Amino acid sequence: MATIYIVEDDVNIREIERYALKNSGYDVEEFENGGDFFKCLERKVPSLILLDIMLPNEDGLDILTKIRTNKATAGIPIIMVTAKASELDKVKGLDLGADDYITKPFGVMELISRVKALLRRTKHVETESQIRYKDILLDNDKHAVFLAGEVCELTFKEFELLKYLMINKGIVLSRDKIMDQVWGFEYEGESRTVDMHIKTLRQKLGQAGSCIKTVRNVGYMVE
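See below:
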């Protein structure tokens, strides 16, 4: 049975989330701040995290960054839950590594639907600990990329984008498919988001970035 951690300081919202999740068959742990959450996270890694942005002492984006930069927790599926609804807030959360985004007020059915969809999507086939293509080495365990032995600094989404392209080497991936797999369930961003990340990824990879080919009117592929 999947265990879901709720990090939310609003008691009423937390009760709604707990009630909906428990009724859907999930185990639930609740936290009203980052301190208590991280103490529990050291003992047990959950199947998914519902993370509010506006929290006391330490906001959700800082917590998200810590989760994604820790090797032991980097792969946990995370849904950001917040009253903030601007496009900038959504993009910032997703670029820092959130898998999905739900805005308050939300319906119980929508919440459960997104949780189920994310758990299905992240229940992928185990990826090799290291993926190599020419001078590029992607290390899943270290969540790092190396170019001819030198570390290449990538953002969380750039790493996930490169991994998805490398896993599917030789296959043309449409922008919509990339959006769905890398940015998450029903993310309402534009396909331009993919193009911009491909551009920065190529720049950071330098000459090795030439392996990422544009397929006109379709998408991208690693040769």
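When you line the sequence shown up against our numbering, it's residues 3 to 225, in that order.
No residue lacks a Cβ here, since even glycine has one placed at the ideal position from N, Cα and C.
Values in this document were obtained by computation on a predicted structure and should not be read as measured data.
Nearest neighbour of residue i, chosen from the options [CA to CA]
| i | options | result |
| --- | --- | --- |
| residue 95 | 117, 124, 55, 118 | 55 |
| residue 219 | 111, 136, 178 | 178 |
| residue 20 | 224, 122, 117, 135 | 117 |
| residue 134 | 213, 45, 106 | 213 |
| residue 123 | 106, 72, 143, 102 | 102 |
| residue 160 | 202, 143, 106, 70 | 202 |
| residue 18 | 174, 70, 90, 108 | 108 |
| residue 136 | 195, 207, 24, 13 | 207 |
| residue 173 | 78, 14, 215 | 215 |
| residue 91 | 61, 131, 78 | 61 |
Short Cβ contact (8 Å threshold) for residue i with residue j
| i | j | result |
| --- | --- | --- |
| residue 165 | residue 140 | yes |
| residue 66 | residue 98 | yes |
| residue 184 | residue 155 | no |
| residue 121 | residue 57 | no |
| residue 138 | residue 210 | yes |
| residue 180 | residue 221 | yes |
| residue 4 | residue 110 | no |
| residue 47 | residue 76 | no |
| residue 167 | residue 217 | no |
| residue 84 | residue 68 | no |
| residue 59 | residue 36 | yes |
| residue 70 | residue 158 | yes |
Those residues which DSSP pairs with residue i across a bridge
| i | result |
| --- | --- |
| residue 83 | 54, 104 |
| residue 146 | 141 |
| residue 217 | 221 |
| residue 114 | BP columns for residue 114 are empty, so no partner. |
8 Å CB neighbourhood of residue i in its chain, flanking five on each side removed
| i | result |
| --- | --- |
| residue 100 | 53, 66, 80, 81, 82, 186 |
| residue 39 | 7, 9, 33, 65 |
| residue 42 | 7, 31, 33 |
| residue 63 | 55, 94, 95, 98 |
| residue 11 | 34, 35, 54, 56, 57, 58 |
Three-state secondary structure assigned by DSSP to residue i
| i | result |
| --- | --- |
| residue 5 | strand |
| residue 29 | strand |
| residue 175 | strand |
| residue 152 | strand |
| residue 133 | strand |
| residue 14 | helix |
| residue 47 | coil |
| residue 180 | helix |
| residue 128 | Residue placement at residue 128 is flagged as unreliable, the pLDDT there being 46, under the threshold of 50; the coordinate-derived value follows with that caveat. Residue state, collapsed to three classes: coil. |
| residue 19 | helix |
| residue 63 | helix |
| residue 78 | coil |
| residue 157 | coil |
| residue 98 | coil |
| residue 162 | helix |
| residue 109 | coil |
| residue 73 | coil |
Cutoff 8 Å: residue i Cβ touching any chain B Cβ
| i | result |
| --- | --- |
| residue 181 | Absent here is chain B; the protein component of the structure consists of one chain. |
7 Å Cβ shell around residue i - same chain, five flanking residues per side excluded
| i | result |
| --- | --- |
| residue 146 | 153 |
| residue 196 | 177, 180, 181 |
| residue 199 | 159, 160, 163 |
| residue 204 | 211, 214 |
Close Cβ partners of residue i (< 6 Å) along its chain, the five nearest in sequence each way excluded
| i | result |
| --- | --- |
| residue 26 | 114 |
| residue 143 | 131 |
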